[in-house]
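Asks: Protein sequence lines, in the order shown, are assigned to chains A and B. According to the working numbering, numbering within the first sequence proceeds without interruption in unit steps and concludes at 360. According to the working numbering, numbering within the second sequence proceeds without interruption in unit steps and concludes at 360.
2 protein chains.
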Amino acid sequence: MADRIPVERLREFAARVLLALEVDPAHATTTARRLVDADLRGRTGHGMIRLAPYSARIRAGGYNLRPAITVVNDTPVSALVDGDNGLGQVVVTQAVELAVEKARNSGIGWVGTVHSNHAGAAGVYTAMALQAGFAAMYFAVANGNGMPPWGGRERLLGTNPLAVAFPGGDQPPFELDIATTVASHGTIEVKARAGEPLPEGWVVDFDGAPITDPARVEDGFLVPIGGYKGAGLNFVIGAIAGVMTGAAFGRNVVEFRHDHVTPTNTGQSILVFRPDLFLPDGPYDARMGAVLEDFRSSESSTDAPIRLPGDRARATAADNLANGIAVAESVLAQLRQLADELGVEPLPA
Amino acid sequence: MADRIPVERLREFAARVLLALEVDPAHATTTARRLVDADLRGRTGHGMIRLAPYSARIRAGGYNLRPAITVVNDTPVSALVDGDNGLGQVVVTQAVELAVEKARNSGIGWVGTVHSNHAGAAGVYTAMALQAGFAAMYFAVANGNGMPPWGGRERLLGTNPLAVAFPGGDQPPFELDIATTVASHGTIEVKARAGEPLPEGWVVDFDGAPITDPARVEDGFLVPIGGYKGAGLNFVIGAIAGVMTGAAFGRNVVEFRHDHVTPTNTGQSILVFRPDLFLPDGPYDARMGAVLEDFRSSESSTDAPIRLPGDRARATAADNLANGIAVAESVLAQLRQLADELGVEPLPA
């Protein structure tokens with residue numbers, strides 16, 4: 012592990028790499044920001060680790076670097092953002108901003124994306140809604156299939172992530188950010204880069220035997236949370252983020268880790284809503300604050316206090332913001348090579 | 012197991028029992044219908060098995076039999092139904108009908124309930140939305156706490172169920188109906204009545220050891236699906252159905268299996284939406300039909316074809332509708348006693 016790198020430095024570096032690849036300047040800035048947002052929250056599988064693969068895809072012609080991102084089928088409560096094969100972080104950021112605006116006016120804003128791309132950590136987008144004072148649910152179709160329907164053998168489902176956030180009143184908010192598989196490809200890649208075996212229960216072969224070698228993941232499939240229940244939730248996310256939006260889901264998902272050229276037609280969807288939708292005269296904050304306090308102060312089974320979803324991510328973010336982000340040496344090596352190839356000033360050694 | 016009883020007969024019997032207990036006639040009819048809807052779909056833990064406990068609660072004064080159910084905080088896309096401590100099936104049925112109406116006009120209708128009660132099988136309510144041509148998500152706070160927050164020891168969470176349904180175009184629809192715990196209290200009660208042990212993984216004690224004796228469930232806690240992920244989803248459902256609505260969640264949940272008197276202030280919430288919200292010009296049906304067909308026809312790991320969520324429930328419902336519902340002998344015995352006590356014509360022996 013290298014020295015910790017200041018957040019602003021990472022953002023600048025990522026933006027400069029994207030600019031050197033001729034990405035639209037505003038899009039480079041937004042993408043750099045979202046990548047570092049993921050690292051900040053400890054979602055290292057969706058942070059700077061993605062810059063090299065994104066760059067490879069850009070150089071292979073897999074992205075539209077000057078997309079005409081448009082809003083279609085607009086209603087007071089919903090819209091579809093057509094990303095025109097632009098960078099996913101840019102498309103989804105626009106979708107979140109639009110959903111927040113609709114929620115402000117109508118109580119609810121539900122915005123989908125089509126012709127988008129991989130957009131990274133789900134919780135980054137619900138955090139944007141939280142920042143604006145709203146609750147949110149985010150759904151995305153993963154950019155590769157690693158799991159069959161329950162009882163099946165054909166991989167038609169991805170790690171389809173779900174993030175949900177609620178403002179906490181006088182308590183820190185609640186922020187859930189999960190894959191509906193036990194492990195995501197990002198998490199597996201972090202293990203692979205660290206040279207560690209996978210815990211049993213993450214990946215199984217078609218006879219149900221555990222696969223613990225990260226290099227053998229393709230010989231089996233990712234395990235859903237709760238068996239048929241998690242496989243069902245995974246489909247729900249795909250239906251919302253893929254089928255409803257006109258994006259890929261199932262057989263037409265593009266394996267973007269292997270195919271750098273075919274447009275992925277990725278879909279995401281964010282439902283932003285006033286947390287006081289049903290109780291507009293003020294009690295939400297006090298009610299949620301009291302519940303969160305009850306939960307956080309309840310008896311723990313360890314010496315540490317109860318941690319609710321999002322608590323660790325926010326603590327990590329505060330620490331990373333103050334002290335810089337520790338980027339893995341294998342990622343730094345990739346970034347040095349990228350900087351060298353593009354003539355961009357490298358990150359500090 | 013007794014002979015199979017025609018659906019209409021069960022509905023009439025349940026309604027007559029509720030009428031004899033002085034429930035509002037329209038409410039008796041609706042409640043009877045929803046209970047039998049659950050049995051029809053094979054959700055026997057939420058069907059006729061509940062009539063005796065509901066009756067005990069009614070006789071103990073735990074329900075308002077002439078509730079003034081009101082709609083408050085009404086917007087074009089949302090509302091709160093105050094159930095005035097009426098029967099849960101009645102309150103939620105009204106919420107679903109209102110949400111469908113809003114979805115028809117606005118694309119989205121999200122309706123919560125407060126001062127409601129146990130309303131039975133989640134999938135029954137999303138099926139109502141499906142029937143009207145809409146997709147839906149249903150969230151409910153369970154009427155008892157059986158699970159601590161992840162890493163904790165105080166039971167603050169219930170089995171909080173989630174149901175999600177999507178119209179299938181020319182394919183049968185997709186209908187997920189799950190507890191966010193591995194097993195629900197209803198499922199456990201079915202095992203207990205059958206005199207069968209619980210499978211390992213359903214309930215554990217505070218040291219993590221499995222509990223398989225249904226009588227010892229209270230010595231431990233229900234296991235969430237996917238560890239912290241399922242515990243987090245469980246909280247999300249409670250936040251939507253409980254905190255946002257003004258209903259009970261966490262410490263103020265009433266254990267309605269033991270306390271027949273205290274108003275439960277149960278909360279539910281149903282989000283009904285046009286499945287073509289983002290693609291209003293028609294492609295939804297063909298897209299969803301193709302995806303469902305891809306999934307259902309994909310390679311199975313057994314000799315039976317792939318079954319998606321809802322497929323078994325609908326097959327069971329069709330069979331039950333044609334041939335009658337098989338009610339467990341232990342339930343029939345309770346119902347005979349109830350009929351006797353209330354002077355209601357009993358079900359056939």
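C-beta: ideal position from N, C-alpha, C; glycine also. As the structure is a computational prediction, the values presented were derived from the model and not from experiment.
Fully enclosed by the segment 97-128 of chain A, which alpha helix (DSSP H) runs are 4 residues long or longer?
Replies: Segments of the alpha helix (DSSP H) lying fully in the segment 97-128 of chain A: 99-117.
Asks: Does the Cβ of R52/A have 16 or more other Cβ atoms within 10 Å, making it buried, or fewer, making it exposed?
Replies: It is buried - the Cβ of R52/A has at least 16 other Cβ atoms within 10 Å.
Asks: Quick one, which of N276/B, I189/B, A203/B, R77/B has its alpha-carbon nearest P235/B's?
Replies: Of the candidates N276/B, I189/B, A203/B, R77/B, the one whose C-alpha sits nearest the C-alpha of P235/B is I189/B.
Asks: Of the residues that make up the segment 104-121 of chain B, which ones have a beta carbon closer than 9 Å to any beta carbon in chain A?
Replies: Against chain A - using a Cβ distance shorter than 9 Å - the residues of the segment 104-121 of chain B are S117, G118, I119, W121.
Asks: Residues of chain A with a CB under 7 Å from the CB of E165/B: which are they?
Replies: What E165/B touches in chain A: S309, E310.
Asks: Comparing C-alpha positions only, which one of A49/B, R325/B, G206/B sits nearest to D224/B?
Replies: Measuring from the Cα of D224/B, the nearest candidate turns out to be G206/B.
Asks: Alpha carbons only, please: which of E356/B, G180/B, D48/B is nearest the one belonging to N331/B?
Replies: Per the Cα distances, D48/B.
Asks: So which residues on chain A does A250/B lean against when the C-beta distance must stay under 9 Å?
Replies: Ordered by position in chain A, the residues that pass the 9 Å Cβ test against A250/B are A146, V175, F177, F185, P286, M299, V302.
Asks: Could you spell out where the beta strand (DSSP E) holding G189/B opens and where it closes?
Replies: The displayed chain sequence assigns Ile, not Gly, to residue 189/B. Where I189/B is concerned, the enclosing beta strand (DSSP E) stretches over 185-190.
Asks: To which residues does DSSP link Y361/A through a beta bridge?
Replies: Outside the modelled stretch of chain A, which goes from 12 to 360, sits residue 361/A, for which no answer is possible.
Asks: Counting only Cβ pairs nearer than 8 Å, list the residues of chain B close to P291/A.
Replies: Result: N84.
Asks: Among all the DSSP beta bridges, which residues are the ones paired with L10/B?
Replies: As displayed, chain B neither begins before 12 nor continues past 360, which places residue 10/B out of reach and without an answer.
Asks: Measure the CB-CB distance between V201/A and G56/A and report whether it falls below 7 Å.
Replies: The answer is yes: Cβ separation under 7 Å.
Asks: Can you find a CB in chain A that lies within less than 7 Å of the CB of L30/B?
Replies: False, the Cβ-Cβ gap to chain A never drops below 7 Å.
Asks: Label Q348/A either buried or exposed according to how many other C-beta atoms from any shown protein chain fall within 10 Å of its C-beta, with 16 as the threshold for buried.
Replies: Classification of Q348/A: exposed, given that the 10 Å Cβ count is below 16.
Asks: Thinking just about the alpha-carbon of each residue, which of D35/A, A259/A, V82/A, R27/A is nearest to the one in A63/A?
Replies: Out of D35/A, A259/A, V82/A, R27/A, R27/A has the C-alpha closest to the C-alpha of A63/A.
Asks: Excluding the five sequence neighbours on either side, which residues of its own chain have a C-beta within less than 6 Å of the C-beta of P274/A, listed in chain order?
Replies: Same-chain partners within the cutoff: N96.
Asks: Got a sec: is the Cβ-Cβ distance from K240/A to anything in chain B below 7 Å?
Replies: Interface residue, yes.
Asks: Under 8 Å Cβ to Cβ from L32/A, same chain only, skipping five residues before and after it: list those, please.
Replies: Here the set comprises S66, I69, R70, L76, L353.
Asks: Please give me, in chain order, every unbroken run of the beta strand (DSSP E) with length at least 3 that falls completely inside the segment 196-258 of chain B.
Replies: DSSP runs (the beta strand (DSSP E)) wholly in the segment 196-258 of chain B: 214-216, 231-233.
Asks: So is R262/A in contact with chain B if we call contact Cβ pairs under 7 Å?
Replies: So, interface residue.
Asks: Given 8 Å as the limit, is there contact between the segment 295-314 of chain B and the segment 151-162 of chain B, that is, 3 or more CB pairs closer than that?
Replies: No, because fewer than three Cβ pairs between the segment 295-314 of chain B and the segment 151-162 of chain B fall closer than 8 Å, the two stretches do not touch.
Asks: Alpha carbons only, please: which of P178/A, G237/A, D216/A is nearest the one belonging to T191/A?
Replies: For T191/A, the nearest C-alpha among the options comes from G237/A.
Asks: Could you please give the first and the last residue of the uninterrupted alpha helix (DSSP H) stretch that includes F260/B?
Replies: Here F260/B belongs to no alpha helix (DSSP H), and DSSP marks it neither H nor E.
Asks: Counting Cβ pairs, one atom from each stretch, are 3 or more of them under 8 Å apart for the segment 259-273 of chain B and the segment 210-228 of chain B?
Replies: The segment 259-273 of chain B, when compared against the segment 210-228 of chain B, does not touch it at the 8 Å Cβ threshold.
Asks: Start and end of the alpha helix (DSSP H) containing V342/A?
Replies: 340-353 is the span of the alpha helix (DSSP H), which, as asked, contains V342/A.
Asks: I need the straight-line Cα distance from L29/B to S311/A, nearest angstrom please.
Replies: If you take the alpha carbons of L29/B and S311/A, they lie about 44 Å apart.
Asks: Count the C-beta pairs between the segment 158-172 of chain B and the segment 270-289 of chain B that are closer than 8 Å, then say yes if the count reaches three, no if not.
Replies: Counting Cβ pairs under 8 Å, fewer than three are found: no touch.
Asks: I'd like the span of the alpha helix (DSSP H) that includes L62/B, first residue to last.
Replies: Its alpha helix (DSSP H) spans residues 62-70.
Asks: Going by C-alpha distance, which of L233/A, Y74/A, K113/A is nearest V82/A?
Replies: Of the listed residues, the one whose Cα sits closest to V82/A is K113/A.
Asks: So which residues of chain B does Y8/A contact, with C-beta pairs closer than 8 Å?
Replies: With chain A covering only 12 through 360, there is no way to say anything about residue 8/A.
Asks: List, in order along the chain, the chain A residues whose C-beta lies closer than 8 Å to that of G53/B?
Replies: The contacting residues do not exist; G53/B stays about 14 Å from chain A at best.
Asks: Which residues mark the beginning and the end of the alpha helix (DSSP H) in which F24/A is found?
Replies: Per DSSP, F24/A belongs to the alpha helix (DSSP H) from 18-31.
Asks: Would a check of beta-carbon distances place S195/A closer than 7 Å to chain B?
Replies: With 7 Å as the cut-off, S195/A does not count as an interface residue toward chain B.
Asks: Find the nearest neighbour of G253/A within the set K240/A, F284/A, V125/A, N334/A, judged by alpha-carbon distance.
Replies: Answer by Cα proximity: V125/A.
Asks: Name the chain A residues that come within less than 9 Å of F217/B, Cβ to Cβ?
Replies: Simply S312.
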